[in-house]
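In this text, residue positions in the sequence shown follow numbering that gives the first Met the number 0: the first is 0, and each later residue adds one.
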Amino acid sequence: MWKNFKYGASGHFREQFGLYLLVFFILLAGIVAGAFSVRMMEESQLNEINTYFYSFIDGLTEQQPVNTSLILQRSLLQNGSFILALWLCGTVFIGFIPALCLVFYRGYTIGFTVGFLAGQNMGGILFSLGAVFPQNIIYVPVTILAGVLAVSFSLMLLKRRVKGKLIPFGAYLFQYTLAMLMVVFLFAAGSLVETTITPVFMRAVVSLL
């Protein structure tokens, strides 16, 4: 069974290699845009974010308890909404366009967070590693996978519409939905990392600053 899964996954990657490159560069473009957008913000906006950021740092320094249940709920809600939106995009023949926009926005949020934290000082760079890196080891590749699945299914529907080709839509939709459910579990694993491991990393970095 594992060999069949491994063979199917490698075959899928080879077939969709071009889409993987496209989605990767869209995500990367979002990260770069998010990082640069920090520099374009007005001073009043930066001051407001700084106020929130340093109050959060003070809480970590004073060893105040982190509301892990609230963090988990928000993370699951955000990731769930993202996957649901991507899944819906994939079920529409022009949905590959908003799907790529969603991937870009996901990268933008990562880039903005890293850009803001790195702009603080050397300590901000270290803190960004502790606050962003652990969960994004999972989030980034899974976002690319989810984006490819959505774009691929949407393009298949577009070809079906243009060429008038009959396909077993129900069977393909089931496979697509099953693959997206697998992605949901991977994102849930990322949420657990964000809830349990990331706060430990952040406290460790804060103690060194």
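We put the CB at the ideal spot given by N, CA and C, even for glycine.
Proximal residues to residue i (C-beta, below 6 Å), its chain only, five neighbours per side dropped
i: Thr67; result: Thr194
i: Ser127; result: Val113, Leu116 and Ala117
i: Gly79; result: none
i: Val147; result: Gln15, Leu18, Tyr19 and Val22
i: Ile109; result: Ile30
i: Gly106; result: Leu26, Gly29 and Ile30
i: Ile166; result: Arg159
i: Gly129; result: Phe200, Met201 and Val204
i: Leu75; result: Ser190
i: Leu99; result: Ile25
i: Pro140; result: none
DSSP-derived helix/strand/coil call for residue i
i: Phe12; result: helix
i: Phe211; result: Because the chain spans 0 through 208 in this model, residue 211 falls outside it and cannot be assessed.
i: Leu69; result: helix
i: Met0; result: Because the pLDDT of Met0 is 49, which lies under 50, any placement of that residue in the model is unreliable, and the number read from its coordinates should be weighed accordingly. Here Met0 sits in coil by DSSP.
i: Lys164; result: coil
i: Gly216; result: With the chain covering only 0 through 208, there is no way to say anything about residue 216.
i: Glu41; result: coil
Residue i classed as buried or exposed, judged by whether at least 16 other C-beta atoms fall within 10 angstroms
i: Tyr19; result: buried
i: Tyr138; result: buried
i: Gly33; result: buried
i: Tyr175; result: buried
i: Met226; result: What the structure shows of the chain is the stretch from 0 to 208, and residue 226 is not part of that stretch, so it cannot be assessed.
i: Gly89; result: buried
i: Leu101; result: buried
i: Val161; result: exposed
i: Gly94; result: buried
i: Phe111; result: buried
i: Leu83; result: exposed
i: Phe81; result: buried
i: Ser151; result: buried
Beta-carbon proximity list for residue i, same chain, < 7 Å, skipping 5 on both sides
i: Leu71; result: Ser190 and Thr194
i: Tyr104; result: Gly29
i: Asn135; result: Ile109
i: Leu144; result: Val182
Own chain, CB closer than 8 Å to residue i, minus 5 neighbours either side, in chain order
i: Ala188; result: Ile137
i: Val91; result: Ser153 and Leu156
Exercise for the section: Could I get the ranges of all uninterrupted alpha helix (DSSP H) runs contained in the stretch 153–200, with 4 residues as the minimum, in chain order? Expected result: You should have 168–195.
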